[in-house]
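Enquirer: Submitted below is the structure of interest, expressed as structure tokens.
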Amino acid sequence: MRYFLEVVRRGSITEAAATLNVASSAISRQIARLESELDTVLFDRVARGMKPNAAGELLAAYALRMQLETERIGNEILALKGLQRGEVKLVSTAGFAVDFLPAAIENFRRSHSGIHFHLSVGSAAHVTRLLREGEADIGLTFALAPEQDIKVEYSQSAPILAVMGTGHPLAARKHVALSELIAYPIALPQKKITMRRLIDACCSKKNLLIEPVLSSDSIDAILSFVNAGGGIAFSAELPIRKLLATGQLAAVPIKDRDMNALQMEIQSLSGRTLSQAAKAFLSTLIVKAPTPG
Numbered sequence: 002m003r004y005f006l007e008v009v010r011r012g013s014i015t016e017a018a019a020t021l022n023v024a025s026s027a028i029s030r031q032i033a034r035l036e037s038e039l040d041t042v043l044f045d046r047v048a049r050g051m052k053p054n055a056a057g058e059l060l061a062a063y064a065l066r067m068q069l070e071t072e073r074i075g076n077e078i079l080a081l082k083g084l085q086r087g088e089v090k091l092v093s094t095a096g097f098a099v100d101f102l103p104a105a106i107e108n109f110r111r112s113h114s115g116i117h118f119h120l121s122v123g124s125a126a127h128v129t130r131l132l133r134e135g136e137a138d139i140g141l142t143f144a145l146a147p148e149q150d151i152k153v154e155y156s157q158s159a160p161i162l163a164v165m166g167t168g169h170p171l172a173a174r175k176h177v178a179l180s181e182l183i184a185y186p187i188a189l190p191q192k193k194i195t196m197r198r199l200i201d202a203c204c205s206k207k208n209l210l211i212e213p214v215l216s217s218d219s220i221d222a223i224l225s226f227v228n229a230g231g232g233i234a235f236s237a238e239l240p241i242r243k244l245l246a247t248g249q250l251a252a253v254p255i256k257d258r259d260m261n262a263l264q265m266e267i268q269s270l271s272g273r274t275l276s277q278a279a280k281a282f283l284s285t286l287i288v289k290a291p292t293p294g
């Protein structure tokens, strides 16, 4: 079943074999054995690999639930020792990995040093995929709309701010308009990133054209560019909270209403029962997140 689930996730026997570090022939034999035992075909063989058919999707949903339940029970047994051992699997977009998550993990481990963490960082789609596949317990991302099968454990409005050096001509303003920012060099996230899609939509609505001098999927690169005096970037408050507190950067609210549509979300998989360690860390994250209002 483990081999079967990996083929479902990767879409091909070759990629599943590489992930599991076993021979492709071993996976092929197990898939054939499973289909023989169930007396049904589980995959459609397509040009780019293998796609589960209706029977395959049904079995995959059941197998994933059983796998997650097995992991949870194992963690619950460890939890009987008072959170002395266990693991929490996290996935987030890049902004949360700059400071917020590392600080939260370090704070949590002061009381629960036996808990180990795994953190994967990627796009919002990456967060959703790992939660759905059971590869992560908790996800942190910025979102514009609900996702199917995803439970929002915590949500808070995350207005997009104009970020700049403290000596920038606009740094002392109470707020700015998008139309005022285009006169300065601008760094933007790449187009696949949720915040960039919102920025582009707002600019299109106002008939504004932003030609970034730097685009990147690395928030560290963008903030370093701004910190070096390179111009203006965009961010929610949470990823830059420490930089603002230490006076390394300034952030000015943007008065265009559509720039307030972004939501910060802490997510899990709907219907999944989290381990005691994951539940405890989730509570820590919610306490440390921005409070509504």
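All you need for our numbering is the position in the sequence shown, starting with 1, plus 1.
Glycine included, each C-beta is placed from N, C-alpha and C at the ideal position.
In this structure, how does DSSP classify Y185 when only helix, strand and coil are distinguished?
Expert: Position 184 of the sequence shown holds residue 185. Three-state result, Y185: coil.
Enquirer: Determine the direct distance from the alpha carbon of A178 to that of S276, and round the result to whole angstroms.
Expert: Counting from 1 along the sequence shown, the entry for residue 276 is found at position 275. Counting from 1 along the sequence shown, the entry for residue 178 is found at position 177. So the two alpha carbons sit approximately 45 Å from each other.
Enquirer: What are the start and end residues of each continuous beta strand (DSSP E) run of 3 or more residues lying completely inside the region 241-291, in chain order?
Expert: DSSP runs (the beta strand (DSSP E)) wholly in the region 241-291: 251-254, 264-270.
Enquirer: Please classify Q157: does DSSP put it in a helix, a strand, or coil?
Expert: Residue numbering aside, residue 157 sits at position 156 when the sequence shown is read from its first letter. If DSSP states are grouped into helix, strand and coil, Q157 belongs with the strands.
Enquirer: Should the region 63-75 be called in touch with the region 108-126, which here means at least 3 C-beta pairs below 8 Å?
Expert: Verdict: no, contact absent.
Enquirer: Indicate whether the contact test is met: 3 or more Cβ pairs, each with one atom in the region 142-150 and one in the region 264-282, closer than 8 Å.
Expert: They touch, by the three-pair rule.
Enquirer: Roughly how many angstroms separate the alpha carbons of H169 and L131, rounded to a whole number?
Expert: What you label residue 169 is simply residue 168 of the sequence shown in a count that begins at 1. What you label residue 131 is simply residue 130 of the sequence shown in a count that begins at 1. Approximately 40 Å, taken between the alpha carbons.
Enquirer: To the nearest angstrom, how far is it from the Cα of V122 to the Cα of T94?
Expert: What you label residue 122 is simply residue 121 of the sequence shown in a count that begins at 1. What you label residue 94 is simply residue 93 of the sequence shown in a count that begins at 1. Approximately 5 Å between the Cα atoms of the pair.
Enquirer: Quick check: the region 173-191 against the region 227-234, are there 3 or more CB pairs under 8 Å?
Expert: Taking 8 Å as the limit for Cβ pairs, the verdict is that the region 227-234 does touch the region 173-191.
Enquirer: Considering only residues of the same chain and omitting the five flanking positions on each side of L43, which have a CB-CB separation below 8 Å?
Expert: If you number the sequence shown from 1, residue 43 lands on position 42. So the qualifying residues of the chain are F5, I32, L35, E36, P53, N54, A56, G57, L60.
Enquirer: Around the C-beta of S236, are 16 or more other C-beta atoms found within 10 angstroms, so that it is buried, or is it exposed?
Expert: Residue mapping note: residue 236 aligns to position 235 of the sequence shown, counting from 1. When all chains shown are included, S236 counts as buried.
Enquirer: May I ask you to report which of helix, strand or coil DSSP gives M165?
Expert: Here residue 165 corresponds to residue number 164 of the sequence shown, with the count starting at 1. Three-state DSSP puts M165 in a strand.
Enquirer: Short check: CB of E7 to CB of T15, under 8 Å?
Expert: Locating residue 7 in the sequence shown gives position 6, counting from the first residue. Locating residue 15 in the sequence shown gives position 14, counting from the first residue. No, the pair does not count as a contact, with Cβ atoms beyond the cut-off.
Enquirer: Taking the C-alpha atoms as reference points, what is the distance between S216 and I223?
Expert: To locate residue 216, count along the sequence shown from 1; it is residue 215. To locate residue 223, count along the sequence shown from 1; it is residue 222. Roughly 8 Å between the two C-alpha positions.
Enquirer: Rounded to whole angstroms, what is the Cα-Cα separation between I183 and I211?
Expert: Counting from 1 along the sequence shown, the entry for residue 183 is found at position 182. Counting from 1 along the sequence shown, the entry for residue 211 is found at position 210. So the alpha carbons of these two residues sit roughly 6 Å apart.
Enquirer: Flag this pair as yes or no: are the beta carbons of K152 and S271 separated by less than 8 Å?
Expert: In the sequence shown, residue 152 corresponds to position 151, counting from 1. In the sequence shown, residue 271 corresponds to position 270, counting from 1. For K152 and S271, yes; Cβs fall inside 8 Å.
Enquirer: Once you ignore the five residues that flank G166 on each side, which residues in its own chain have a CB closer than 6 Å to its CB?
Expert: Here residue 166 corresponds to residue number 165 of the sequence shown, with the count starting at 1. The answer, listed in chain order, is G230.
Enquirer: Alpha carbon to alpha carbon, how far is P293 from E154?
Expert: The residue you call residue 293 lines up with position 292 of the sequence shown. The residue you call residue 154 lines up with position 153 of the sequence shown. With a pLDDT of 44 at P293, under the threshold of 50, the predicted position of this residue should be treated as unreliable, and no value is reported.
Enquirer: Give the list of continuous alpha helix (DSSP H) stretches no shorter than 4 residues that lie fully inside the region 190-220.
Expert: Correct list: 195-206.
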